[in-house]
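Below is one structure; the comments refer to it alone.
Residue numbers (our numbering): 2 to 253.
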């Protein structure tokens, strides 16, 4: 005997309610350099799990201060390893969830397609007035930029022309807006994920000139959705997520 329509409807409603009960909303703090990739990964995670992901973008150093002050983040995707490790040491993050989710690459970029050469020689030139660099006190890509300039022996020569940005996202905006002709940014910010040529011109900085930019993720200890938060961090190592990382020029 077939179940009565009302029973079928009730079963469907109960199943939907059960799925809804299992779905959580995550608040994820994301390093500004990883914004584009994070949006794609979060969308895939939502489709695969039913959870909702709310992303906030900014400087890793600022996120550390906000988390210490009680900001309601469930997960931090940092631009470095030191900040998540510090949060673990302070009891603000869950030790077993700490993992490297991406390895970033630094590039010197200009919106002018003819300005940057493939060896970065433009840095020694007088053909530009302003160089955008993220604040090295807060942003790991800013630290990498200053390490690069130091390795090249150019810090003294270019310092008067450096425009300091709050984070790597703002560093990119300064160049896009024309407030700076050049900027040190993340490859993931300017490389189209479809494999086409990036707009403007850029020099991919040799990795020997700066310390590796290993970016770690961690679940925040005060989270109320620990299972979903851990699931999200684990998802960063999945094949779908790594396909996004590769498309944006990140390693792991």
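We treat Cβ as the ideally placed atom computed from N, Cα and C, and that holds for glycine.
Please read these numbers as outputs of a predicted model, since none were measured by experiment.
For residue i, three-class secondary structure by DSSP
i           : result
residue 103 : strand
residue 208 : helix
residue 217 : strand
residue 197 : coil
residue 133 : strand
residue 165 : strand
residue 230 : helix
residue 187 : strand
residue 94  : strand
residue 116 : coil
residue 145 : helix
Beta bridge counterpart(s) of residue i as assigned by DSSP
i           : result
residue 31  : 58, 78
residue 26  : 53
residue 252 : 104
residue 150 : For residue 150, which the question treats as bridged, DSSP gives no partner whatsoever.
residue 202 : 111
Alpha-carbon spacing of residue i relative to residue j, whole angstroms
i           : j           : result
residue 206 : residue 199 : 15 Å
residue 129 : residue 111 : 10 Å
residue 235 : residue 46  : 11 Å
residue 250 : residue 188 : 6 Å
residue 22  : residue 243 : For residue 22, the predicted structure reports a pLDDT of 47, less than 50, and the residue's modelled location is therefore unreliable. The matter cannot be settled from this model.
residue 10  : residue 241 : In this predicted model, residue 10 has a pLDDT of only 47, less than 50, meaning its place in the structure is not dependable; the value taken from the coordinates is given anyway. So the alpha carbons of these two residues sit roughly 35 Å apart.
residue 113 : residue 63  : 31 Å
residue 162 : residue 131 : 5 Å
residue 86  : residue 102 : 14 Å
residue 40  : residue 201 : 23 Å
residue 90  : residue 99  : 12 Å
residue 24  : residue 51  : 6 Å
residue 209 : residue 55  : 36 Å
CB contact flag (residue i, residue j, <8 Å)
i           : j           : result
residue 27  : residue 229 : yes
residue 165 : residue 195 : no
residue 61  : residue 140 : yes
Residue i beta carbon near the ligand PLP (any heavy atom closer than 7 Å)
i          : result
residue 25 : No copy of the ligand PLP appears in this structure; indeed no ligand is present at all.
Nearest-angstrom beta carbon gap, residue j and residue i [assumed within contact, 8 Å]
i           : j           : result
residue 104 : residue 222 : Residue 104 to residue 222, Cβ: 26 Å. No contact.
residue 75  : residue 29  : 7 Å
residue 191 : residue 133 : Actually they do not touch by this definition, with Cβ atoms about 13 Å apart.
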